[in-house]
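Asks:
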Amino acid sequence: MLVSVAGALALSSWRGVLRDDLGKPVSAATVRLTSTTGNRHYQAATSAGGDFALSDIVAGDYDLSVEGTDRTWRLAKPIVIQDGASLTSALQLSAQAAEIRVLPVAEESSAQASGGERLSSGEVSSLPLNARDFSKLLLLAAGTMTDANGAANFTQQFAVNGQRGTATVFALDGFDTTDPEMGGATFSNFNVDAIQEVQSNTGVMSAEIGHGAASYTNVVTKSGTNQVHGSFFEFARNAAFDARNYFDHKSVADERRIPPFVRNEFGFTNGGPVVLPKIYNGRDRTFYFGQYQGFRQVLGTTQVFPVPTAAERQGIDTETFPGDTLTVPVNPAIVPVLEHYPLPNDPKGAYGDRTYAASSKIYTRTDQFSVRVDHRISDKASLLTRFSLNQVTGPLTNPDQTAIDPSFAVQFFDHQRNAGVKYSRTISPHLISDTAFSYIRSTPFFPALNHTQPAMAFGDGLFQAFNQPGGSIFGSYSNLYQLKHDMSYVHSNHAFKWGVEIRYNRDATIFGTNPNGQYSFGGGTAYSPVLITSASGTHDIQPGDPLPDSLTGLLTATPYSYGVIAAADVTPIGDRFDEAAVRREAYNFYFQDTWKARPNLTINYGLRYEVNSRIHEAEHRTSLPRFVDASGKDVPYWDHNAKQPFYFNPQPPYDQDWNGLGPRLSLDYAVTSHTVLHAGGSITSIVPNLWQDNFLTGGIPLATSLYSSALPNVPLPFHNSVVRVTLPPPYTTAGKLLFPNGDASHVPPNTQVDLQRYQDDLKALTPGNQVQLISMIGLAKNFRNGYIESYTAGIDHDFRDFKFTAAYVATAGVHLASVFSPNSYGGADPAFAPFTQFDSSGNAIGGFGPESVITSRSHSTYHALQTGVSKNSARAGLGLQASYTYSKSIDDTSSVLGGLVAGAGVVLQTLPQNPWNPGAEKGPSTFDATHSFTLSLIQVLPLDHVGFLRPLGRTLTRGWQFLNITTLTSGAPFSVYSGVQQTGVGAGGTDRPDLVEQPHFSTSGPVREDYFGRGADNTSFFSIPINVPGGTGPNHGRFGTLGRNTFRGPDFQQYDVALIKDTPFGRRGNGELGTVEFRAEFFNVLNLVNFGLPSNILRGSGFGIISKTAGPSRQIQFSLKLIY
2 MLVSVAGALA LSSWRGVLRD DLGKPVSAAT VRLTSTTGNR HYQAATSAGG
52 DFALSDIVAG DYDLSVEGTD RTWRLAKPIV IQDGASLTSA LQLSAQAAEI
102 RVLPVAEESS AQASGGERLS SGEVSSLPLN ARDFSKLLLL AAGTMTDANG
152 AANFTQQFAV NGQRGTATVF ALDGFDTTDP EMGGATFSNF NVDAIQEVQS
202 NTGVMSAEIG HGAASYTNVV TKSGTNQVHG SFFEFARNAA FDARNYFDHK
252 SVADERRIPP FVRNEFGFTN GGPVVLPKIY NGRDRTFYFG QYQGFRQVLG
302 TTQVFPVPTA AERQGIDTET FPGDTLTVPV NPAIVPVLEH YPLPNDPKGA
352 YGDRTYAASS KIYTRTDQFS VRVDHRISDK ASLLTRFSLN QVTGPLTNPD
402 QTAIDPSFAV QFFDHQRNAG VKYSRTISPH LISDTAFSYI RSTPFFPALN
452 HTQPAMAFGD GLFQAFNQPG GSIFGSYSNL YQLKHDMSYV HSNHAFKWGV
502 EIRYNRDATI FGTNPNGQYS FGGGTAYSPV LITSASGTHD IQPGDPLPDS
552 LTGLLTATPY SYGVIAAADV TPIGDRFDEA AVRREAYNFY FQDTWKARPN
602 LTINYGLRYE VNSRIHEAEH RTSLPRFVDA SGKDVPYWDH NAKQPFYFNP
652 QPPYDQDWNG LGPRLSLDYA VTSHTVLHAG GSITSIVPNL WQDNFLTGGI
702 PLATSLYSSA LPNVPLPFHN SVVRVTLPPP YTTAGKLLFP NGDASHVPPN
752 TQVDLQRYQD DLKALTPGNQ VQLISMIGLA KNFRNGYIES YTAGIDHDFR
802 DFKFTAAYVA TAGVHLASVF SPNSYGGADP AFAPFTQFDS SGNAIGGFGP
852 ESVITSRSHS TYHALQTGVS KNSARAGLGL QASYTYSKSI DDTSSVLGGL
902 VAGAGVVLQT LPQNPWNPGA EKGPSTFDAT HSFTLSLIQV LPLDHVGFLR
952 PLGRTLTRGW QFLNITTLTS GAPFSVYSGV QQTGVGAGGT DRPDLVEQPH
1002 FSTSGPVRED YFGRGADNTS FFSIPINVPG GTGPNHGRFG TLGRNTFRGP
1052 DFQQYDVALI KDTPFGRRGN GELGTVEFRA EFFNVLNLVN FGLPSNILRG
1102 SGFGIISKTA GPSRQIQFSL KLIY
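Residue numbers (our numbering): 2 to 1125.
#1: DSSP three-state call for residue 1065: helix, strand or coil?
#2: Distance check for residue 960 and residue 949, CA to CA, integer angstroms please.
#3: For the alpha helix (DSSP H) containing residue 31, name the first residue and the last one.
#4: For residue 1044, which residues of its own chain have a beta-carbon under 6 Å away from its beta-carbon, when the five flanking residues on both sides are left out?
#5: Output needed for residue 1104: all residues of its chain with C-beta closer than 7 Å, excluding positions within five of it in sequence on either side, in chain order.
#6: Can you name the start and end residues of the beta strand (DSSP E) that residue 889 belongs to?
#7: What does the Cβ neighbour count give for residue 823, buried or exposed, with the cut at 16 atoms within 10 Å?
#8: Taking only the alpha-carbon atoms, compute the straight-line gap between residue 327 and residue 548 and give it to the nearest angstrom.
#9: Beta carbon of residue 559, beta carbon of residue 533: below 8 Å?
#10: With C-beta atoms as the reference, is residue 190 less than 8 Å away from residue 133?
#11: Counting only runs of 3+ residues fully inside the segment 59-98, write out the beta strand (DSSP E) ranges in chain order.
#12: Can you name, in chain order, every residue of its own chain whose Cβ lies under 7 Å from the Cβ of residue 733, other than the five neighbours on each side?
#13: I need the boundaries of the alpha helix (DSSP H) containing residue 919, first residue and last residue.
#14: According to DSSP, is residue 1033 part of a helix, a strand, or is it coil?
#15: If the criterion is Cβ atoms closer than 8 Å, does the pair residue 265 and residue 237 meet it?
#16: Do residue 1108 and residue 422 have their CB atoms nearer than 8 Å?
#17: At which residues does the beta strand (DSSP E) containing residue 1073 begin and terminate?
#18: For the segment 808-815 against the segment 655-662, are there 3 or more C-beta pairs whose distance is under 8 Å?
#19: Is residue 995 helix, strand or coil by DSSP?
#20: Going by C-alpha distance, which of 263, 227, 223 and 230 is nearest residue 242?
#21: For residue 1022, name the three-state secondary structure that DSSP assigns.
#22: Does the distance from the C-beta atom of residue 174 to that of residue 221 stay below 8 Å?
#23: How would you call residue 576, buried or exposed, if buried means at least 16 neighbouring beta carbons within 10 angstroms?
#24: Whole angstroms is fine: what's the gap from residue 108's alpha carbon to residue 585's?
#25: Contact criterion: CB-CB distance below 8 Å. Does residue 1037 meet it with respect to chain B?
#26: Among 234, 319, 320 and 332, whose alpha-carbon lies nearest the alpha-carbon of residue 293?
#27: In this structure, how does DSSP classify residue 1102 when only helix, strand and coil are distinguished?
#28: With DSSP as the reference, label residue 220 as helix, strand or coil.
#29: Which runs of the beta strand (DSSP E), 3 residues or longer, sit entirely within the segment 630-697?
#30: Assign residue 914 to one of three DSSP states: helix, strand, or coil.
#31: Measuring CB to CB, does residue 656 end up less than 8 Å from residue 783?
#32: For residue 767 and residue 862, I'd like the C-alpha separation in whole angstroms.
#33: Got a sec? Which residues, its chain only, sit under 7 Å from residue 354 by beta carbon, not counting five neighbours each side?
#34: Just reading off the beta strand (DSSP E) that residue 160 is part of, what are its end residues?
#35: Helix, strand or coil for residue 1117 per DSSP?
#36: Give the secondary structure of residue 551 by DSSP, where H, G and I count as helix, E and B as strand, and everything else as coil.
In structure tokens, the structure reads:
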């Protein structure tokens, strides 16, 4: 099996992994090669991860053996090692027969062209992990960043090699655990004491990996053995151990030094043989491994945001026109809102006299359980089964809102389930079959508590939003079934692998945005209903004049816009608001070959074909508009002359994409026994995201989003209570009821809806017969799967037991999903809203309001130099892994959803400034980091060798370890937004100003949080282009020249360390009975202040000032663990 084509005379090497017949790495064993003539011997000890390395091997015939603590395994026949061979085959030990099996290279994914990392059980359970979340270890790999792009993601997500966080794929024991709706990991809090290994792959991956993966992470769980083993543990955290956050300040209301914080993590693991006395003895045959982990936390978070001052609540405005005072008549309808806001309490804070700082508690409770059973059917067949459960309650998702009113909270619940069974059979020494079936259920649910108070947003960022959720309810009851069959065959110098994977999504999604209604003040132009006088007389605002900002709009109860979603009689409401039964199927086929073309050349090539069905709904409750010309022929969604007929149950909703071919090729060339060159390229199909990309289900007329904006002399009415909307019955263009029997599931395909009649009937039901523009969602007819192009070229070199890697890595995201707004934004002028009907005065009288169409027009590129150094041997008691990445990621949007302006602080917008030219948004990705360095280190401390400590005895001086994780990254990009509608395209919160002078950013000035450095004069770096010749819209402006993501936030530096003391006790056989482990962990041990991004709305409160940190202050955790 290891025979290679003869090459040039050179010494050979062998790097591999030793595993048992259950696939678990075997540590502390010795791999030996002995020449059949007996004159040459080579040996290597396996690491905690089962790795071994043999070097400088002279060509010849060798006997292979493995020595364990109480047993020796031998290969039945001698193997032949040719000159200059670089072997990477793994070894597997048989439990019943003392034999060794040599695994094909393909089973170990050994191609160097694939990036990523492999972390052993010891590394995963020992390294300092805040919240014991193993997924955070992925940040140690080169090219991996946290994806915090402003989208309301259900799960922790990572941007790998410049791709969006939804392109990360996860598995437990090979069973898919990727969130079925949003992507990212479920079970990221899996008990790290039950993890055997974390296998992470990035870059150019083999054809057996698909699912649209920019990275693939498989977590191998521990299995039982013939000896009962396990652990009990308790991790404790308390605010008394921690340092003060930079923004924690004492106040009259709260004299605490820092907000309260209490955390407990506790649980156990246990594994062994399945033995039922007098019934069944499973030793050497059937094994179990179970675990439980509980998590309880009360976290006090520091919230800093702007609220109206006491004077402003009385109508005294000294901020709108500096040096002048406006006296604004306060509308009685808005007084309850003003009184509900807390009063400012920190005049020296980020928002000046408007600053309110408080602590807001977040409660989190999780209970996680898992049991795994491995059964050896015979020497040639085995069965793996596992069931895992994770009950998550909390955390609260909007502590800034609960600081205003606890009833403004949005709760979070998720009940995760994962089950799988895998049957493996060795048909012959060269042919292996694996069949797996698995199930993952995830139920992320985000219900708002308050259903009586409308939401209030501030488009110019002057104040914190008021009840921002507005009664919103989001959730997904997701179910994914996966069937996977793989075959492996070794022939001569080839290791073939082929297989099929089928996935079925069966989901129920809940999507209700602001059913309480939302008023938006500022951002767009509203018109004063009253006379507002100024002290100087030069800034008087007459009735009908534009209001200058959201403060005057708030005080006069004059919003710019109002939006609300209402459900039809046939649509579920309450906790199942607008529920849709979303479906999708995926059919994947692949073939790959790892070909040892020469002793020093390995070629890994393959092809994967993926077919993803269209998104569909089980009961055909779908709708969308079509873009057609006068003859009814389809035209592009960007055609402003198109017509838009609207269909219920459209068939097909969009074109089926059959272009799912994904070729893979990688090359590894061993220049010497210590140096390997590698290169590769691949194409990977991206699976459409069932949450972000689904603009097909739950739309009109099942749930109707209504939108109104202010017009000259026609102010929007304001009600500080929920106004329930009554929807009329929809009709077809043939004049028939769309749902004649109150049933939306039996409407014939492609039934055209009479939207004009629907809108007229809605107008008749509205007080004052006001026109209600309909906000529309849809999918472009040519929507298709995106794909990732990956390229790499690099070098690996071994310096004794240190391994150095350097590689150029590039990716391109093609046909990525993004939102296009064919009717511009709310309040657009007639020239920019072709699908709205206007009268001769430019007032909207019908048609559509804002429209959002999911397209696949976005594109991204990523280029990086990725380097790394690792050491996994036991020499000097040191193990480390370090990586440095120098990279550039560019796109025109970094996410599909997110970034809606609702109040003060930081906005990470995903929509373009010019809705008809999204390509102009090309700039750094939101998750781009120019420089990134990470280090993980484990150092055994030989204190028993220190002379003056020896009198203390070995019990106290042995078993000490020091561990460290270091993270250094450059600042994240951010944009500056003007906070005012500049042009006639409407108020989307996307307008950017002109740059007048380049700022010099710093967090080292007299006021560290003043990132721009000029305090109240930070706005002087910019100019808002309004009232200019040729301008459009109510402010006669143009688009700003400042680009997207032009600036960079502060750098991030964090040093986490842990000190561990292991104390063995008792005896069991030839070893200890158990070990007591004490550990102390220090997160951000140097207590560095990592500032977040500054407030980035030019007209908003505290522009250019930072009000939050990007990480915690120093936190200390203690734990005690019993290992047996």
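Beta carbons: idealized from backbone N, C-alpha and C, even for Gly. Computed from a prediction, not measured in an experiment: that's the story for all the values here.
Replies: Let me lay it out:
#1: strand
#2: So the two alpha carbons sit approximately 17 Å from each other.
#3: Looking at the DSSP string, residue 31 is not in any alpha helix (DSSP H); the run it does join, the beta strand (DSSP E), is 31-36.
#4: Non-local C-beta neighbours of residue 1044 in its own chain, meaning closer than 6 Å and more than five positions away in sequence, comprise 924, ordered along the chain.
#5: 1019, 1020, 1096 and 1098
#6: 879-892
#7: buried
#8: 12 Å
#9: Not in contact: residue 559 and residue 533 (Cβ atoms no closer than 8 Å).
#10: yes
#11: 61-68, 73-75, 80-82 and 91-94
#12: These residues qualify, in order along the chain: 739, 752, 753, 754 and 755.
#13: Residue 919 -> no alpha helix (DSSP H), and no H or E assigned at all.
#14: Residue state for residue 1033 is assigned as strand, using DSSP reduced to three classes.
#15: yes
#16: Not a contact, by the Cβ cut-off of 8 Å.
#17: Per DSSP, residue 1073 belongs to the beta strand (DSSP E) from 1072-1084.
#18: no
#19: The answer is strand: DSSP assigns residue 995 an E or B state.
#20: 263
#21: helix
#22: yes
#23: exposed
#24: Reliability fails at residue 108, whose pLDDT of 42 lies under 50, so the model's placement of it is uncertain and the value that follows must be treated cautiously. The alpha-carbon atoms of residue 108 and residue 585 are separated by roughly 30 Å.
#25: Looking at the structure shown, chain B is missing, and only one protein chain is on hand.
#26: The option with the nearest alpha carbon to residue 293 is 234.
#27: coil
#28: strand
#29: 647-649, 662-671 and 676-686
#30: coil
#31: yes
#32: 49 Å
#33: 310, 345 and 348
#34: 159-161
#35: strand
#36: helix
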